[in-house]
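Protein chains in written order, with this note's numbering: chain A, 39 to 121; chain B, 1024 to 1177.
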């Protein structure tokens, strides 16, 4: 599974992307955030306030309860500030 | 319907973009153009520069989804959206939205709809430079409210 991080999520994690083999019991985007937060200090910092972090599966916005089955690419980022 | 969506580091010029959208058509009665420009202040402090980060691939797709939605809601003849990324200084262009329709109400409404959604749904993030420091710009509640009015029950 390819994971991507943007803006301050990227800075806190310390990398822009990574390939990770996920445990089979992780079923949703929210469960993935919980699992990531336990991977080390930098992840705990990046995902400390999970309510504000947005996610996308294969380049489309999703909610924390969205299943991650069949996803190729999952991105995590802060609320958007473009325009 | 002429749709142009571009993400680019380079500057843009609204004039030629309007001319390209109109082309040889004579059925267009209204063109609305919105330009977003990097300003030198934000919430009481000065801004010396800003850098726009984006999610390549998703940014284009997300803008395209909203252009499609705008087409469903209003009788549009053309839409151009150009969003820049990279570092910008005050006075620089950031974003251009051009909408064309037979009548002005559709062109005005579609341009506003597209900008409201670009602000809250398109994957771009601004990082400001002020003095010697930099900080990520926080999302604004007022932008969320602006986007929400398009989904409010009528």
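Glycine included, each C-beta is placed from N, C-alpha and C at the ideal position.
Cβ-Cβ distances below 6 Å link residue 93/A to 67, 100, 114 in the same chain, with the five nearest sequence neighbours on each side left out; the list follows chain order. Apart from sequence neighbours up to five positions away, the residues of its chain that approach residue 1029/B with a beta-carbon distance below 6 Å are 1105, ordered along the chain. Annotated as proximal: residue 1142/B and residue 1166/B, with beta-carbon spacing under 8 Å. Under DSSP, the beta-bridge partners assigned to residue 1101/B are 1025/B, 1123/B. Taking a C-beta cut-off of 7 Å against chain B, the contacting residues of the stretch 43-75 of chain A are 44, 45, 46, listed in chain order. If you draw a straight line from the Cα of residue 1060/B to the Cα of residue 1113/B, it is about 7 Å long. For residue 1095/B, there are no C-beta contacts with chain A under 9 Å, since the nearest C-beta of that chain is about 18 Å from it. Using a Cβ-Cβ cut-off of 8 Å, residue 1080/B is close to 97 of chain A, given in chain order.
Leaving aside the five residues that flank residue 1050/B on each side, the residues in its chain whose CB is nearer than 7 Å to its CB run, in chain order, 1100, 1125.
At a cut-off of 8 Å between C-beta atoms, residue 1146/B counts as an interface residue with respect to chain A. When DSSP reads this structure, residue 96/A sits in no beta bridge, so it has no partner.
Beta-bridge partners of residue 1157/B (DSSP): 1152/B.
A contact between stretches requires three or more CB pairs, one per stretch, nearer than 8 Å, and the stretch 1037-1056 of chain B meets this requirement with the stretch 1116-1136 of chain B. Cβ atoms of residue 120/A and residue 1147/B come within 8 Å of each other, at about 3 Å. Per DSSP, residue 1055/B is one residue of the beta strand (DSSP E) stretching across 1053-1060. For residue 1073/B, the closest C-alpha among the options 1159/B, 1169/B, 1174/B, 1084/B is that of 1159/B.
The Cβ of residue 1065/B sits no closer than 8 Å to any Cβ of chain A. Interface criterion met: the Cβ of residue 115/A is under 8 Å from a Cβ in chain B. By the beta-carbon neighbour count (other beta carbons within 10 angstroms, threshold 16), residue 58/A is exposed.
Around the beta carbon of residue 1103/B, 16 or more other beta carbons lie within 10 angstroms, which makes this residue buried.
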